[in-house]
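*Asks:*
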Amino acid sequence: MDSTEGRQQSITLIVQGIRLPLVVDSRLEPCYRMAAAELNARIESYKVQYGQSDRISPEDYLAMAALDRSYYLHRTRKEVDTAPLMEEVRRLNSSVEEFLRQYR
Numbered sequence: 001m002d003s004t005e006g007r008q009q010s011i012t013l014i015v016q017g018i019r020l021p022l023v024v025d026s027r028l029e030p031c032y033r034m035a036a037a038e039l040n041a042r043i044e045s046y047k048v049q050y051g052q053s054d055r056i057s058p059e060d061y062l063a064m065a066a067l068d069r070s071y072y073l074h075r076t077r078k079e080v081d082t083a084p085l086m087e088e089v090r091r092l093n094s095s096v097e098e099f100l101r102q103y104r
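Residue numbers for the sequence shown follow UniProt numbering, so the first one is 1 and each next one is one higher.
1) In chain order, what residues of the same chain have a beta carbon less than 6 Å from the beta carbon of S10, not counting five sequence neighbours either side?
2) To the nearest angstrom, how far is it from the Cα of M1 to the Cα of R7?
3) Is the distance from the Cβ of I43 to the Cβ of Y61 below 8 Å?
4) Shorter than 8 Å from the beta carbon of R91 to some beta carbon of chain C?
5) Give the DSSP-derived three-state secondary structure of V96 in the structure shown.
What follows is the structure in structure tokens.
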């Protein structure tokens, strides 16, 4: 068993100036930090794109960035859908098994 497996670690992330104390698997800590950094970068890009005004609240920027990241996740999942590939592998396996049965 890996010595870091299952070990929990307390971390604090800052997203749009909000401190978020979390307890995470120590192996996942770098991913959480990268996710927070990406979210903050996206929030900043929306602030530049839309400017800072009284009509757009900090929560609006956070919501836009969250929607953007969620969209990206769903689009990526769709692009890497392995179901058609797995069906083709099953079909090829059946063909190979049939071929081997014929020549045994």
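All C-beta atoms in this analysis are idealised placements derived from N, C-alpha and C, irrespective of residue type, glycine included. Quick caveat, the model's predicted, so the values are computed rather than measured.
*Replies:* Taking the structure as given:
1) Here the question's residue 10 lines up with position 10 in the sequence shown. Answer for S10: V23, listed in chain order.
2) As a first step, residue 1 must be located in the sequence shown, where it is residue number 1. As a first step, residue 7 must be located in the sequence shown, where it is residue number 7. Note that M1 scores a pLDDT of 46, beneath 50, so its modelled location is shaky; the value from the coordinates is reported in the next line. Spanning the two alpha carbons is a distance of roughly 12 Å.
3) As a working note, residue 43 is residue 43 in the sequence shown. As a working note, residue 61 is residue 61 in the sequence shown. Contact flag set, yes.
4) Chain labels in this structure do not include chain C; a single protein chain is all it has.
5) Here residue 96 refers to the residue found at position 96 of the sequence shown. Helix.
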